[in-house]
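A.B. asks: Chains as they are written, first to last, in our numbering: chain W, 237 to 769; chain Z, 908 to 1265; chain U, -19 to 343.
Let me begin by handing over the structure; questions about it come next.
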Amino acid sequence: MLRVSNLQHANAVIKPLSKHTHTLLSLRDITKRYPSVVANDSINLDVHNGSIHAVLGENGAGKSTLMKLVYGMVEADSGTMHWDGELVQLKNSAAARKLGIGMVFQHFSLFETLSVVENISLTMPGSRTELAEKIKTIGERYQLVVNPNASVHALSVGERQRVEIIRCLMQDLKLLILDEPTSVLPPQHIQSLFDALRKLRDSGVAILFISHKLDEIRDLCDTATILRDGRVAGTVNPKETTTKELATLMIGREVPHIQSQRDTVQAANTVLRLNKLSAKNPDPFGTSLSDIDLHVKQHEIVGIAGVSGNGQQELSRIISGEWRPKTLSPDAIEMFGQRVSNMDPTQRRNLGFSFVPEERLGRGAVPPMSLNRNALLTAFSQGILNRGFIRKKKLSDFTDRCIADFDVRCGGNNAIASSLSGGNLQKYIIGRELMLKPNLLFVAQPTWGVDIGAATAIRQRLLDLRDQGIGVLIISEEIEELFEVTDRLYVINGGKLSPSLVTADVTPNDVGEYMIATHSTDSAQPEAHAHGV
Amino acid sequence: MKTMSKLLTAAALTGALISTTTQADTLDIGVLLPSPIADVGWSHALNEGINAVKEKYGDGVTVNVVENIQEGPDADRIMNKMVGDGNDFLLLGSFGYMNGGLKLAKRNPQKSFIHASGYKTAANFSPFTAKYYEGAYLMGMAAAELTKTKKLGVVSAFAIPELISTINGFTLGARSIDPEITVDVIWINSWFDPAKAQDSAKALLAGGADVLFSNAQDTPSVVTVGEEGGAYVFNLNSSMKEYAPTKYLGVVKTDWAPFFVASVDAHLAGNFEGQNQWLGMTDDVVVVEDWSDDISADMKAKIAAVQADIVSGARHVYDGPLVNQAGEEVIAAGTRLEDGAILGIDWHVEGVNSPLPK
Amino acid sequence: MVFKLVKREHASQWMLLVTPLLAVLLSIVVSSLLLVILGKPVLLTMHSFFIAPFENFYSITEVFLKFGPLLLIAQALAVGFRAKVWNIGAEGQMIIGAICASAVPVYFVDSTSGWMLPAMALLGAIGGMAWAGIAAFLKTRFNANEILVTLMLSAIALQLLYYLLLGPWKDPMGFNFPQTVMFQDEALFAPLFSGVRLNTSIFIPIAFTIAVWLLMEKHFAGFKLEVGGQAPDAATYAGFSAKKAVWVSLLLAGFAAGIAGMSEVAGPIGQLQRSVTSGYGYAGIIVAYLGALHPIGIVFAAFFLAVLQIGGDVALVSADLPISAVQVFQGLLLIFYLSVYTLVNYRLQPARTEKTASQGVSS
């Protein structure tokens, strides 16, 4: 904290003279309270032009709130914001944009049915041709190439991200805020994003880079401010700090290690098998699945990697039984040797299958209902019902056990699901599903939006389960995670599944190749662009 | 008539003088109406009758009108409340109030009830109906002179005897002048459905009718269609001439004042007697007026003569011979359809094209 | 200045209790002003609305006579609304219930069998369920919007009623008046006390309320319905059938509305006639929401609305209020109740606009 104030003092002196860098944005004692939590507590932050500044922290550390404050979407309860040395008060994001602040969110705000230039013309003045020309110029200057006339729905996630960044660059941009930009990208594309960002930095733009991926931050950023529980836990030079040190600053203690004592098991039974599964998606912008072959045995963890939107959603719904296309062949899905294509989720659950969906609120749990009621969702067959009437005691016993065994931090079994943090709710849902004693566990995005502590605990739990003999299937977009826990891997790409890969025998780059192989047009795009205009 | 009411007023006054200390010196009259009291139509006509009672008795009566009440359990409750609030004389203005009203009357034998359009009676419960057919007969004569297509059209509410007999009267009147005339009827099964009434009227015009009869429609809907479509038009209950200034044939008006006043008189005198009150031109209840100027003087004279005969009793609309739609003679020449048969009539006379809904 | 509603973290419990009183107070103030303008007696009107319904035994029984069908229909509709099944055609289901029940006394005019009433109840329930079932079928089979279907079916039900009354079912001795014969005593619920119209059918809504309370608060089936309404994806995930929820919601409403229709023709009306519903099918929607879709809240809401309607009828007669003024007063009460209720649960916050923002930027 002291160190930060000193910095500010020094900058105040040199600011007008420095021809390289000066303090562009300066936050002092920013506090933002929500009814139940102090999201930001006396935050100080200085961002210099021509630098990439990381803001890192676990989920709920206050990163998003802070960025929304800078972008004018949220007003601080107290504290000051200086821009180029002048006191400013941002009433909304339009005011922020006026100052030269741009932000790219995790969830893009593009209209799928419109073309790139049409999307940009929604917020920018000027004719389409002028704008298209500008898009091309910017693209060439920063290596953010995208075809202005391509329809957004045909673009890969990486390209969409470029469009969002270009949109920010269309005006006189001084500060670019990127919210977890790499979480949606395959490894190959991360480097090209970084190249573009470095070019931007060198042209004098300041970048606020929000992430919880420590290696990336060390690779890219010049300064890193670590948030913990709404406060600044430290400001460091990430290149001079080890990943471990960063992680310790972030979670306030040492990161636990994942341990695995894998015994080699032979003659394991197959618990899940997909046979040439094909399913046409009725949604024109959705992905159809074709010719998917997959199997999961006891005593193994199988992962499915891929860039989001390549059929993960569809595959998970078809395995869980939430989506049961009538055209599905009877033997397309087998669990424990039984054909289950026509079975609904309850029937599959009764066979020994459990599923943790990626959306915790609204799918894995009903947001306004208590943990007790949410336990009923899938655990109703666990002796909780008596002729359909709910046995209150049995139900709360079940919930209490789940809360205790899986270290769910909450206000008791009557706490509302939506009041739990992402990590705790995930622990609760996984706990609930494990209490059904499944022989096949399927988890989609096990650690999405989950803090490191909880993520480690969840991964450890998955390994333990495997060691107990349960077959586990994971869909994840985090390659590191898959490499950490899986025995075998598939890659999903454009609704098709790669051959089975033994995790120990491949590298993340190999997996990345499969992720973008035939389907993605990212590399082909420059040519298409040249022909198209 | 006038001397009689003076006498009765005097009697009522004397009564009031004798029982000075009781509240009974003013009579509370409750009136329940099915539709809003508008400038024209059914509820308007009833209200005019009640106004005559007020005029006659002045402070001697208090009238409590509740309008726009749908038939059903709520209407029953409101009647009940009226009785509970001390209304001793009730006017129930719709046939839908019949069963509820009758029950109430039986529970309250000291109170008197008059009920429009119904058919059930009790010692203190009189249904009342107008002999619209008398006026309609005269209208039919006028229509026969003015029609060129020899086709007349009727937009009618419900196929109840009151309205069937009116259509028959209209037909008989027209055919007494010109036996080639035929009448088409559209039943819309509503007292109050302007859209349907207008559509039906237009359909009749399209079918060639050039005189329209708005049979028990509470709105000027049919009348305006007549004016716009160039067809002569008449209606019941109250004059709608302002809605058809050039094509208004006339009105078969109901003037309930004489009957209402007489009923209140009877109640006050303690000799109210529940019976079917079936009132026509003789009783000054059915009044035909606002005649079109297009009717020839000759025809006007003929109409006046027939009217005089009906009032005097020398002539009756339902004098034989009467032939039904099937061509069968129902009443032979020299005989007359009995009142009871007219009150329950469920057949059309010859000349009405449309079959009666069964 | 534009405002937006922000949900309060903790709605004051105390305020929730005061809400109805505050609403009544506000509507009294506003309608008193209107009454003064109309030149109508203010005190007498208030007396009619709030005191007269309880003034004598007969009035109290009349309140309960209205309370019954309102309660019955609202409870069933609320179950559907909690499952996000928008059945707004209880009116039509009630008409069909009344029609089917009336078939018994219409075709067995002279029967004195003790089975008359049970047969009528059975037919009424089946009729209402069948009518609602059409909407359920179209919804689950063709994904037809149940709001439109139920609404249209109400119009059809009304025409069917008119047809029967004008044609095959009209009283042969009734001079073509559009109504059936008066039902024999065996086809009528017995009055609870002599001289009143309140009858034994009042026990049906009470029993139904207990059943709905058990279903929604204690039973797994109610839980499934509620999950389907609050988080359809969670219901799919858990394996609860969305189609089943549609069927259950609509059939339950059809059952309740059918019985309500039957209770009217076998109760205060005593025959089948053109107006049999007294608008209960639509009023039930208001009651369901007024009672916050909760079985116990609905009991109070139904009672409140019943008092309001009886009070309105009294005001028509005793305070000489036109029916439109009565409806305005009833409308005011509902609006004030809902506004106060909203403000207790939400707070108004000025929405930030471009205009105010640009003034705040100093650069």
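All C-beta atoms in this analysis are idealised placements derived from N, C-alpha and C, irrespective of residue type, glycine included.
1) Pair every Cβ in the region 51 to 67 of chain U with every Cβ in the region 137 to 155 of chain U, then say whether three or more of these pairs are closer than 8 Å.
2) When the Cα atoms are used, what is the spatial distance from R403/W to I356/W?
3) Using a Cβ-Cβ cutoff of less than 6 Å, which residues in the same chain neighbour F1179/Z once the five nearest sequence positions on both sides are dropped?
4) Does G321/W come out as helix, strand or coil in the three-state DSSP assignment?
5) Would you check if there are 3 or more beta carbon pairs closer than 8 Å linking the region 737 to 753 of chain W to the region 410 to 419 of chain W?
6) T92/U by DSSP, collapsed to three states: which one?
7) Can you find the residues in the same chain that come closer than 7 Å, C-beta to C-beta, to V84/U, ignoring five residues on each side of it along the sequence?
8) Please tell me whether Y894/Z has its Cβ less than 8 Å away from any Cβ of chain U.
9) Hey, out of D981/Z, G1187/Z and D935/Z, whose CA is closest to D992/Z's CA?
10) Residues in the region 601 to 631 of chain W with C-beta within 8 Å of chain U's C-beta atoms, listed in sequence order?
11) Looking at the structure shown, is M339/W part of a helix, part of a strand, or coil, going by DSSP?
12) So, does the region 244 to 253 of chain U touch the region 635 to 643 of chain W, judging by three or more C-beta pairs under 8 Å?
13) Would you kindly work out how many angstroms separate the C-alpha atoms of M671/W and S590/W, rounded to a whole number?
14) Taking Cβ positions only, does S342/U come closer than 8 Å to chain W?
15) Establish whether the CB of R668/W and some CB of chain U are separated by less than 8 Å.
16) Helix, strand or coil: which one does DSSP assign to L326/W?
17) Does the Cβ of S93/U have 16 or more other Cβ atoms within 10 Å, making it buried, or fewer, making it exposed?
18) Give a yes or no on whether the C-beta atoms belonging to A1023/Z and A1051/Z are separated by under 8 Å.
19) Per DSSP, which residues does V1060/Z bridge with? Please list them.
20) How would you list, in chain order, the residues of chain U whose beta-carbon sits under 7 Å from the beta-carbon of Q977/Z?
21) Note down the Cα distance separating N1260/Z from T1089/Z, rounded to an integer number of angstroms.
22) Does the beta-carbon of D282/W have 16 or more other beta-carbons within 10 angstroms, so that it is buried, or is it exposed?
23) Taking its Cβ as the centre, do 16 or more other Cβ atoms sit within 10 Å of I446/W, making it buried, or is it exposed?
24) Closer than 8 Å is the cut-off here; do at least three beta carbon pairs connect the region 35 to 51 of chain U with the region 279 to 293 of chain U?
25) Mind pulling the alpha helix (DSSP H) runs of 4 or more residues that sit fully within the region 1152 to 1229 of chain Z?
26) Check Y796/W in the structure and name its three-state DSSP category.
27) The beta strand (DSSP E) with V381/W in it runs from where to where?
28) Taking 8 Å as the threshold, find out whether the region 1036 to 1049 of chain Z comes into contact with the region 1062 to 1077 of chain Z through three or more Cβ pairs.
29) Pairing CB atoms from the region 10 to 21 of chain U with CB atoms from the region 195 to 207 of chain U, are three or more of them under 8 Å?
30) Using C-beta distances below 8 Å, list every residue in its chain close to V960/Z, excluding the 5 sequence neighbours before and after it, in chain order.
31) For the beta strand (DSSP E) that A1037/Z lies in, which residues bound it at each end?
32) Using a C-beta to C-beta distance shorter than 8 Å, which residues of chain Z count as neighbours of Y142/U?
33) Taking 8 Å as the CB-CB cut-off, is P581/W touching chain U?
34) Name, please, each residue of chain U whose Cβ falls closer than 8 Å to the Cβ of S213/W.
35) Could you confirm whether any beta carbon from chain U is found closer than 8 Å to the beta carbon of E550/W?
36) For Q310/U, is the classification buried or exposed, using 16 other Cβ atoms within 10 angstroms of its Cβ as the cut-off for buried?
C.D. replies: Short version:
1) no
2) 6 Å
3) S1019 and A1173
4) coil
5) no
6) coil
7) M96, A99, M100, L103 and A167
8) Past the edges of chain Z, shown from 908 to 1265, lies residue 894/Z, and the structure says nothing about it.
9) D935/Z
10) A601, V602, P603, P604, M605, R609, L612, L613, T614, F616, L621, G624, F625 and I626
11) strand
12) no
13) 10 Å
14) At S342/U, the pLDDT of 37 sits below 50, so the modelled position is not reliable; the number obtained from the coordinates is stated separately. It does; some Cβ of chain W falls within 8 Å.
15) no
16) coil
17) exposed
18) no
19) Reading off the sequence, residue 1060/Z comes out as Gly, not Val. Per DSSP, D1091/Z and L1119/Z.
20) S255
21) 7 Å
22) buried
23) buried
24) yes
25) 1164 to 1176 and 1204 to 1219
26) It is not possible to answer for residue 796/W, since the shown part of chain W is limited to 237 through 769.
27) Element bounds for V381/W: n/a, residue is neither H nor E.
28) yes
29) no
30) I936, V968, V970, A1164, F1167, V1168 and V1171
31) F1032 to A1037
32) N1096
33) yes
34) Chain W is shown only over 237 to 769; residue 213/W falls outside these bounds and no answer can be derived.
35) no
36) buried
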